[in-house]
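Residue 496 in this note's numbering sits at position 493 of the sequence shown, and the numbers go up by one each step.
Cβ coordinates follow ideal geometry from the N, Cα and C atoms, glycine included.
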Amino acid sequence: LTGALFREFAFTLAGAVVISGIVALTLSPMMGSKLLREGATERGFAGFVNRRFENVRSIYERMLTGTLRYRPVVFGVWIIVALLMVPFYIFSQRELAPAEDQGVVFGVVQASPNSTLDQTKLFSSQIYDVYHSFPEADSVFQITNPNGGFGGMVTKPWSERKRTTQQLLVASTGPLSHIAGVRVIPLTPPALPGGGNFPVDFVIASSAEPQQLAEFANELVKRAFASHMFIYADSDLKFDQPQAEVVFDRDKLRSQGVDLSQAGKDLSTLLGANYVNRFSIQGQSYKVIPQVKRVERLTPEQLTQIYVKGSNDQLVPLSTFASLKMTSEPRQLNKFQQLNAVRIQGVIPPPVPLDTALRFLEGEAAKILPPGFTIDYAGESRQLRVEGSKFLGTFLLSAILIYLVLAAQFESFRDPFIVLAGSVPLAISGALLFSFLGFTTLNIYSEVGLITLVGLVSKNGILIVEFANHLQEMGKDKLAAVIEAAQTRLRPILMTTAATVVGHFPLVLAKGPGAGARNSIGIMLVSGMIIGTVFTLFVVPSIYMLVARRHKAIDIEELESETSIPELAAAAS
């Protein structure tokens, strides 16, 4: 899933950058020669902006000169801010994807295991009334089966309602919990496909007996409700399925002249176990399935009143040679990776991230589970745990690739280190600060924003380092070169940052469908670019003074003489 989303993002961004580079090298110079006029930058609004910017540049020059005098302080601040990204990342709230308003609220109906279709339908009719009572509801739907059902409401368009589906989810929890006879679990569809019905899907697996698994699962469910993090939590291993066993007395069978296998076949046939024949009508073939009347099979005790064939084709009541034994069996027995397993599924309210709920269950499971029991995940929870661990590898790979490309460009291993170390950790810390403070979460979309941030903020360091090297080659010492490079490149750096921030700021303010994903990307890019740029303007020059090698000045006259010799030789030939 992560690979699919990152692949689409990579192709889109790479294509846009390639086209932008071609336009910058071809169309932009031509347009500049046609549209720009000499002296236009000194008059009118452009002149006003340029004068204000000169004031900003002079202020920046004084501040930069001061910071270069106290480089140990700058290095200390750089190290502290860069290291802060570790706790910011660890303690940020995580989820697979932010909850989205998809215009529908579902309700999963759970009935008792021995409920009939009429009973479930009677109780489930109240669900329609609950959903229909919301003014935001546009239509209500419901599907009912004997042991439960599925329903929900489709909401009106965003422009016609004020509450989101997440708010409606919380608002419907109370009224739905008051419906007698059935249990209704409200939930919204997952933000990404393939996540299953419930966001929390926690698995306990072991070779132990199912009864022992059920005990630990029930204890975890109790603790989940006590934490107030869950709207709903339950396990799928329940020993509440009534089971009526017919116990035959072999001595009585022989005295009544009843064959055991024949008695079993008769009982199975009368309870509708299989079809006995077919008949055709209007060209269609139908199965003949015999079954006693429904009123004669409402309770297990009525089974003893069924007659089976005895000796001499006489009908003998079942009660004369059989008795009933009532037991409770599990509704289902699950396996997970060849082990007995129980799944704890749950729904969490909007303020609670999925990672927080899973960490709570993990912590409680570690307290109560004995050796030999393992935990795992399914559905959306498994996607979060599996996909979330891939981000660090992707992030490191992107940083390494950028480093290698810059090393080839600068023909140096020092200069790429200056660019990346002086910009990327600071920008990442600035972006993660807002996820740490709860403005967004670490999810698959915010991770896309962080990967994008690596390339965007590196450009600022490239502008300073590349021009400082050029100035050294022109004869300036390292200090004067880096100060002049930072001043000269201040305007393009601020313009690039402003364009990025202004272009992505609408994502921060986005509302409506898909707002969660847009907010995550926007917050990461805007905060990271602003904070990263501010630090880059002061940290990169200081690191440059410490790490960059001294470039020898190029002898202009010698270079001109070297280039003139081939020209004279060509002219003579």
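Cutting at 7 Å between CB atoms, please list the residues of its own chain near D466, excluding the five before and the five after it. For the purposes of this step, residue 466 is taken as residue 463 along the sequence shown, with counting starting at 1. According to the sequence provided, residue 466 is Leu. The question's Asp does not apply to it. Same-chain partners within the cutoff: R492, P495, I496.
Segment contact, 8 Å Cβ cut-off, at least three pairs: the stretch 147-158 with the stretch 206-226: As far as the Cβ criterion goes, the stretch 147-158 does not touch the stretch 206-226, which means the pair count is below three.
Would you list the residues sitting across from V20 in a DSSP beta bridge? Counting from one through the sequence shown, the residue named residue 20 turns up at place 17. None, per the DSSP bridge assignment.
Can you have a look at L223 and say buried or exposed, based on whether 16 or more other CB atoms are within 10 angstroms of its CB? Indexing the sequence shown from 1 puts residue 223 at position 220. Around the beta carbon of L223, 16 or more other beta carbons lie within 10 angstroms, which makes this residue buried.
Given a threshold of 16 other Cβ atoms within 10 Å of its Cβ, counted over all protein chains shown, does M66 qualify as buried or as exposed? Taking the sequence shown and counting its residues from 1, one reaches residue 66 at position 63. Classification for M66: exposed.
Per-residue DSSP class, three states only, for G515: Counted from its first residue, the sequence shown places residue 515 at position 512. G515: coil per DSSP, three-state reduction.
In the DSSP assignment, the beta strand (DSSP E) including L342 goes from what residue to what residue? For the purposes of this step, residue 342 is taken as residue 339 along the sequence shown, with counting starting at 1. Here the beta strand (DSSP E) through L342 covers 342-350.
Residues in its own chain within less than 8 Å of D135 by CB, not counting five upstream and five downstream? For the purposes of this step, residue 135 is taken as residue 132 along the sequence shown, with counting starting at 1. In the sequence under discussion, the amino acid at residue 135 is His, which differs from the Asp named in the question. V143, M156, listed in sequence order.
Select from K159, R97, E367, L407 the residue whose C-alpha is nearest the C-alpha of S230. Taking the sequence shown and counting its residues from 1, one reaches residue 230 at position 227. Measuring from the Cα of S230, the nearest candidate turns out to be E367.
Three-state class that DSSP yields for E332 in the structure shown: Along the sequence shown, one-based indexing puts residue 332 at 329. E332 carries a strand assignment under DSSP once its states are collapsed to helix, strand and coil.
DSSP three-state call for E248: helix, strand or coil? Residue numbering aside, residue 248 sits at position 245 when the sequence shown is read from its first letter. Strand at E248.
Going by DSSP, what residue range makes up the alpha helix (DSSP H) through S74? Residue 74 sits at position 71 when you count from the first residue of the sequence shown. Per the sequence shown, the amino acid found at residue 74 is Arg instead of Ser. Per DSSP, R74 belongs to the alpha helix (DSSP H) from 74-94.
Determine contact between the stretch 413-421 and the stretch 499-514, defined as no fewer than three beta-carbon pairs at a distance below 8 Å. With contact defined as three or more Cβ pairs closer than 8 Å, the stretch 413-421 and the stretch 499-514 are not in contact.
Determine the extent of the beta strand (DSSP E) in which P320 is found, giving its start and end residues. In the sequence shown, counting from the first residue as 1, residue 320 sits at position 317. Its beta strand (DSSP E) spans residues 318-320.
Other residues of its chain near V537: CB distance less than 6 Å, five sequence neighbours each side excluded: In the sequence shown, counting from the first residue as 1, residue 537 sits at position 534. Beyond the five residues adjoining it in sequence on each side, V537 comes within less than 6 Å, by CB distance, of no other residue in the same chain.
Name the two residues that bound the continuous beta strand (DSSP E) containing T158. Against the sequence shown, residue 158 aligns to sequence position 155. Here the beta strand (DSSP E) through T158 covers 151-158.
Suppose the cutoff is 7 Å on Cβ atoms and the five residues either side in sequence are ignored; what does the same chain contact list for S326 look like? Your numbering for residue 326 matches position 323 in the sequence shown. The residues are V250.
Closest to E487 by C-alpha separation, out of V468, T503, V504, V505, would be which residue? For the purposes of this step, residue 487 is taken as the residue at position 484 of the sequence shown. Of V468, T503, V504, V505, the residue nearest in Cα terms is V468.
Just to confirm, are K159 and E139 a CB contact at a threshold of 7 Å? For the purposes of this step, residue 159 is taken as the residue at position 156 of the sequence shown. For the purposes of this step, residue 139 is taken as the residue at position 136 of the sequence shown. Yes, these two residues count as a Cβ contact at 7 Å.
Tell me the DSSP secondary structure of F9 in three-state form. Start at 1 with the first residue of the sequence shown, and residue 9 comes out as number 6. F9 falls in the helix class under three-state DSSP.
For F282, name the three-state secondary structure that DSSP assigns. Position 279 of the sequence shown, counted from the start, is the residue given in the question as residue 282. When secondary structure is reduced to three states using DSSP, F282 falls in the strand class.
Would you tell me roughly how many angstroms separate the C-alpha atoms of T443 and K479, rounded to the nearest one? As a first step, residue 443 must be located in the sequence shown, where it is residue number 440. As a first step, residue 479 must be located in the sequence shown, where it is residue number 476. Rounded to whole angstroms, T443 and K479 show a C-alpha spacing of 46 Å.
Could you compute how far the alpha carbon of I309 sits from the alpha carbon of V206? For the purposes of this step, residue 309 is identified with residue 306 of the sequence shown, where counting begins at 1. For the purposes of this step, residue 206 is identified with residue 203 of the sequence shown, where counting begins at 1. Taking the straight line joining both Cα atoms gives about 44 Å.
Leaving aside the five residues before and after F126 along the sequence, list all residues of the same chain whose C-beta is less than 6 Å from its C-beta, in chain order. Against the sequence shown, residue 126 aligns to sequence position 123. Closer than 6 Å at Cβ, skipping near neighbours: G184, V185.
For L571, which residues in the same chain have their Cβ closer than 8 Å to its Cβ, ignoring the five residues on either side in sequence? Translated into positions along the sequence shown, residue 571 becomes position 568. For L571, the pLDDT reaches just 37, beneath the cut-off of 50, and the residue's location in the model is therefore unreliable, leaving the point undetermined.
Can you tell me whether E304 is buried or exposed? The criterion is at least 16 other CB atoms within 10 Å of its CB, across all chains shown. Translated into the one-based positions of the sequence shown, residue 304 becomes position 301. It is exposed - the Cβ of E304 has fewer than 16 other Cβ atoms within 10 Å.
Closer than 8 Å by C-beta to A574: which residues in its own chain qualify, once you throw out the five before and the five after it? Chain order, please. One-based indexing of the sequence shown puts residue 574 at position 571. Caution applies to A574, whose pLDDT of 40 falls short of 50 and renders its modelled position unreliable; the value that the coordinates give is listed next. There are no such residues.
Helix, strand or coil, according to DSSP, for R186 in the structure here? Against the sequence shown, residue 186 aligns to sequence position 183. Strand at R186.
Exposed unless 16 or more other CB atoms sit within 10 angstroms - verdict on E11: Here residue 11 is taken as the residue at index 8 of the sequence shown, counted from 1. Burial check for E11: the Cβ neighbour count within 10 Å stays below 16, so the residue is exposed.
Would you please state the rounded distance, in angstroms, between the beta carbons of V542 and G425? I believe it to be under 8 Å. By 1-based counting over the sequence shown, the position of residue 542 is 539. By 1-based counting over the sequence shown, the position of residue 425 is 422. That belief holds up - the Cβ atoms of V542 and G425 are roughly 5 Å apart, short of 8 Å.
Okay, do the stretch 504-523 and the stretch 432-451 touch, 3+ Cβ pairs below 8 Å being the bar? The answer is yes - the stretch 432-451 touches the stretch 504-523, with three or more Cβ pairs under 8 Å.
Please list the segments of the alpha helix (DSSP H) lying wholly inside the stretch 443-507, counting only runs of 4 or more residues, in order along the chain. With a minimum length of 4 residues, the continuous alpha helix (DSSP H) runs that stay inside the stretch 443-507 are 447-476, 481-491.
Whole angstroms are fine: how far does the CA of L301 sit from the CA of V261? Residue 261 sits at position 258 when you count from the first residue of the sequence shown. Residue 301 sits at position 298 when you count from the first residue of the sequence shown. Going by the C-alpha atoms only, they are around 26 Å apart.
Report whether the distance from the Cβ of K165 to the nearest heavy atom of the ligand SAM is below 6 Å. Of the ligands one can find in the structure shown there are none, so the ligand SAM has no counterpart to examine.
Are there 16 or more other CB atoms within 10 angstroms of the CB of Y289, so buried, or fewer, so exposed? Your numbering for residue 289 matches position 286 in the sequence shown. So Y289 ends up on the exposed side.
Short check: CB of T191 to CB of T176, under 7 Å? By 1-based counting over the sequence shown, the position of residue 191 is 188. By 1-based counting over the sequence shown, the position of residue 176 is 173. Contact: no.
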